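First residue of the sequence shown? That's 31 in my numbering, and the numbers climb one at a time after it.
Glycine included, each C-beta is placed from N, C-alpha and C at the ideal position.
Note that the coordinates shown come from a computational prediction; the quantities given were computed from them, not determined experimentally.
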Amino acid sequence: MARMVKSCIQSILKLVNSVMGMLGIAMILYALWLIRVWQRKMDDHFPFGDSDNPAPWFIYTFLGLGITLCVITCSGHIAAATANAMILKALGPDQYYDSDDDYTTDRVPLLQNSAHPPSYVVGDPVYGSKSATWSIRINDKV
Numbered sequence: 031m032a033r034m035v036k037s038c039i040q041s042i043l044k045l046v047n048s049v050m051g052m053l054g055i056a057m058i059l060y061a062l063w064l065i066r067v068w069q070r071k072m073d074d075h076f077p078f079g080d081s082d083n084p085a086p087w088f089i090y091t092f093l094g095l096g097i098t099l100c101v102i103t104c105s106g107h108i109a110a111a112t113a114n115a116m117i118l119k120a121l122g123p124d125q126y127y128d129s130d131d132d133y134t135t136d137r138v139p140l141l142q143n144s145a146h147p148p149s150y151v152v153g154d155p156v157y158g159s160k161s162a163t164w165s166i167r168i169n170d171k172v
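Shown next, in the form of structure tokens:
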């Protein structure tokens, strides 16, 4: 039952994503058509190009919204494809298989269980001379 609900929700999300993409493309095409019509009307009213009319902000806003919808749709498509790939990998035939035995330990050093002794000897740490003994030695020589 849960698998059927999940499949239904995924199908609905894909449908909504497709509708958003088509709506974004339609908005872009309509905005481009509006820009073309607006430019023709401006050329008819001002044939010598001495128009100081402001740009049609609503048309550019409509164009920007269409582009934004297309970008959201593309990122939704990428996210859905990535999520499906991860789910298919997790639900694959070896979903409960988790073993490090497939790797040889000489090729993957983090999987080595045995700790090799270092090839050098570690002794007591040697610290530099202290300032008190340094000043005593200097005073003894003077």
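Worksheet item: Taking three-plus beta-carbon pairs below 8 Å as touching, is the segment 99 to 110 in contact with the segment 64 to 73?
Response: no
Worksheet item: Pick from Met-57, Lys-36 and Cys-38: whose alpha carbon is nearest that of Val-101?
Response: Met-57
Fill in: Which listed residue (Tyr-90, Leu-95 and Asn-47) has its alpha carbon closest to that of Cys-104
Asn-47
Worksheet item: How would you call Gly-94, buried or exposed, if buried means at least 16 neighbouring beta carbons within 10 angstroms?
Response: exposed
Worksheet item: Which two residues bound the contiguous alpha helix (DSSP H) that contains Ala-85?
Response: From DSSP, Ala-85 is part of no alpha helix (DSSP H); its letter is neither H nor E.
Practice prompt. Give the single residue among Ile-39, Gly-51, His-75 and Thr-112 whose Cα lies nearest to the Cα of Ile-97.
Written response: Gly-51
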